[in-house]
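The sequence shown begins at -18 in the working numbering and counts up by one.
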Amino acid sequence: MHPPLPGGGRPLARPVAREAGVSSGAPRIDLRPDHLEIVRDVLRRHLPTRQVVAFGSRATWTAKEYSDLDLAVLGDEPLPLDTMAALSEGFSESDLPFKVDVVVWANVDDRLRNVIRRDVVEVQARNDPQWPISARADRAPSPARTRAAEGDWAEMNLGGVCTKIGSGATPRGGKAVYLRNGPFALIRSQNVFNDGFRDQGLAYVGEVHAAQLKNVQVAEGDVLVNVTGDSVARVCQVPLDVLPARVNQHVAIVRPDPSLLSSRFLRYALVSPPMQARLLSWAQSGGTRNALTKGMLESLTVLAPRDTGMQRAIADILGTLDDKIELNRRMNETLEAMARALFKSWFVDFDPVRAKMEAHDTGLPPSTAALFPDQLASDGIPFGWQMSTVGEHVLNFDSRRIPVSSARRADMQGRFPYHGAAGVLDRVNDYLFDGIFLLLGEDGSVVRESGLAVTQYVSGQFWVNNHAHVLQGKGAVSTEQAYLHFSFEPIAPFVTGAVQPKLSQRRMNQVPFVYAGEAVCRAFAQAVGGMFARLRRNAMESSTLAALRDLLLPKLLSGEIRVPDVERTIEVIA
């Protein structure tokens, strides 16, 4: 039986033996691999026989880039002053970009001992086979670490379990060789998101340029990781219908050996909050630009069941929820496309008017068809309709917006979406708006390549920063009609600023708007109301499923809950 650690606590069972690509002794600490090696080297030189643990922000993954590293030297014996001095000098003269503070267990009071017990992560084991190793000095080890010790789970090093880790390149000729459609997709960072692959802006290349990138051919199941820029550390897998595909230099392919590590399990492990925090910390540790190197990815370790069948079972549970979310997304795309087609027919092509002009059936109920005139005016719009402006038909709530810095949002984490110009940036613990609104990009992400506006149709409770106009329909014009209007009316002529595009409130209000009159607008609101109601229900269901997925993800990936405990529940829900 192992003797207790100082201050009590249960020892962790002996670590499992190392295998190729499997590391059971790597600490889960917020340090770059090269920085961790420097720390260990200093400890080996000056303190080779004592157990050393980390505590504080680096152990709990709440550190900033240059936060201090807090270390505690365990054991009942104080350190000699000359050893403490040598240790301090060793760290101060090292290449570490942060300060290292060392305390000695034997010299600290109970208050600090409790802090160390709470946070402790081992950095160096005591060089004594009779002395136990504890991952947490005052609590039982986590289920996953217990299973790792028992041989069920292991820390898998990506460099050892992957057959490929590498990024691509831009084809010769740059963007000039990109095609709107072609035989090979070229996946860029703008297509990679933690919640899935997005095909907006997907580029294509021909066979010649694809051949230049044959070493970065995307295979079924590959995990893609953004390795540079503001989107660094975003992770996804690519749908089969996108293949064949290549990646550019901003995206890395991570291809695990399926006999060791499930690619779908790896994808979920990489999007988990602790892993995202680690990747972002590493990416921000270099120069002026965020970047993850091949070496960083190869050194990354993932805690996983040794049984690949269990890996797949865990990934399948999370994937079932994601599949339902994706089904809802596609259904909403279809519903919105139907509503957009009806808007175009009524307010862009004037189909009911033209049908009546030619004495054809409008295809509408008689009561609705009667609302449309049977002739066009000299300005090309239906007789009796008005050429107006957006400002006449929307309510503006911009004065209620409140921007919140990312640092402050870190202290406001919650369930309410925090919207920017182009989408949800974060989730916070409070909201500013409650209802159905149209968000229209004001600056930054304002206009698409087509010249149309960047819009969001949102409902429920949410927060908006000052980069998106917050609008609702006014009078007979519904919010849905206003939203669909911007699917057809270009705003590019109203955008100012070459470096930072901006659509000011004044300029937005000047955007043309064809007003068909109260009766037609109310009929349109009724015609599309059911579509948008279904769309909102789907969005709400997806939000609930995403919350469940995010709750289960860390618990399944850590072994805190077992697959059979949740399989039946997931079958009922999804």
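Beta carbons are placed, not taken as given, at the ideal position from N, Cα and C, and that holds for glycine.
Because the structure is a prediction, the values reported are computed rather than measured.
DSSP beta-bridge partners of residue i
| i | result |
| --- | --- |
| residue 234 | 147, 205 |
| residue 493 | 370 |
| residue 414 | 443 |
| residue 400 | 405, 445 |
| residue 82 | 51 |
| residue 138 | 282 |
| residue 558 | The shown model of the chain, from -18 to 555, leaves out residue 558, and the question about it has no answer. |
| residue 217 | 205 |
| residue 103 | 34 |
| residue 173 | 178 |
| residue 454 | 375 |
| residue 193 | None; residue 193 has no bridge partner. |
| residue 272 | 209 |
| residue 561 | Because residue 561 is not part of the residues shown, which for the chain are -18 to 555, the question remains open. |
| residue 436 | 421 |
| residue 186 | 165 |
| residue 476 | Beta-bridge pairing links residue 476 to no other residue. |
Close Cβ partners of residue i (< 6 Å) along its chain, the five nearest in sequence each way excluded
| i | result |
| --- | --- |
| residue 498 | none |
| residue 548 | none |
| residue 331 | 363 |
| residue 372 | 490 |
| residue 445 | 382, 400, 451 |
| residue 14 | 280 |
| residue 378 | 451 |
| residue 384 | 446, 447 |
| residue 542 | 536 |
| residue 468 | 321 |
Contact belief for residue i with residue j at Cβ below 8 Å, rounded distance in angstroms
| i | j | result |
| --- | --- | --- |
| residue 358 | residue 400 | Residue 358 to residue 400, Cβ: 39 Å. No contact. |
| residue 215 | residue 11 | Their Cβ separation, rounded to whole angstroms, is 19 Å, which puts residue 215 and residue 11 out of contact at 8 Å. |
| residue 289 | residue 244 | The pair is not a contact, with the Cβ atoms about 10 Å apart (cut-off 8 Å). |
| residue 236 | residue 145 | 4 Å |
| residue 316 | residue 516 | 5 Å |
| residue 420 | residue 434 | Wrong, their Cβ atoms sit about 10 Å apart, outside the cutoff. |
| residue 232 | residue 207 | 6 Å |
| residue 182 | residue 171 | 5 Å |
| residue 443 | residue 513 | 17 Å between Cβ atoms; not a contact. |
| residue 102 | residue 9 | 6 Å |
| residue 213 | residue 302 | Not quite, the Cβ-Cβ distance comes to about 26 Å (not below 8 Å), so this is no contact. |
| residue 271 | residue 177 | Contact flag wrong, Cβ pair sits at about 22 Å. |
| residue 561 | residue 67 | Examination of residue 561 is not possible in this model, given that the chain is present from -18 through 555 alone. |
Cβ neighbours of residue i in the same chain (closer than 7 Å, five flanking residues each side left out)
| i | result |
| --- | --- |
| residue 60 | 54, 85 |
| residue 230 | 148, 149, 150, 151 |
| residue 252 | 175, 216 |
| residue 199 | 168, 219, 224, 226, 227, 228, 234 |
| residue 37 | 51, 100 |
| residue 522 | 309 |
| residue 465 | 320, 321, 324 |
| residue 368 | 360, 362, 493, 495 |
| residue 505 | 327, 462 |
Close beta carbons around residue i, own chain, < 8 Å, minus the five adjacent residues each side
| i | result |
| --- | --- |
| residue 374 | 454, 455, 456, 458, 463, 494, 496 |
| residue 544 | 291, 294, 295, 298, 537 |
| residue 163 | 185, 186, 187 |
| residue 342 | 336 |
| residue 250 | 256, 283, 284, 285, 538 |
Residue burial classification, residue i (beta-carbon count within 10 angstroms, cutoff 16)
| i | result |
| --- | --- |
| residue 460 | buried |
| residue 364 | exposed |
| residue 33 | buried |
| residue 340 | exposed |
| residue 389 | exposed |
| residue 313 | buried |
| residue 477 | exposed |
| residue 489 | buried |
| residue 194 | buried |
| residue 550 | exposed |
| residue 532 | exposed |
| residue 300 | buried |
| residue 98 | buried |
| residue 436 | buried |
| residue 248 | buried |
| residue 22 | exposed |
| residue 81 | buried |
| residue 58 | exposed |
| residue 356 | exposed |
| residue 305 | buried |
**OP:** Any chance you could list the alpha helix (DSSP H) runs of at least 4 consecutive residues sitting entirely within the segment 324 to 383, in chain order?
**Re:** 332 to 338, 347 to 350
Original post:
Enumerated in chain order, which unbroken segments of the beta strand (DSSP E) with a length of 3 residues or greater are wholly contained in the segment 478 to 528?
Top reply: 493 to 496
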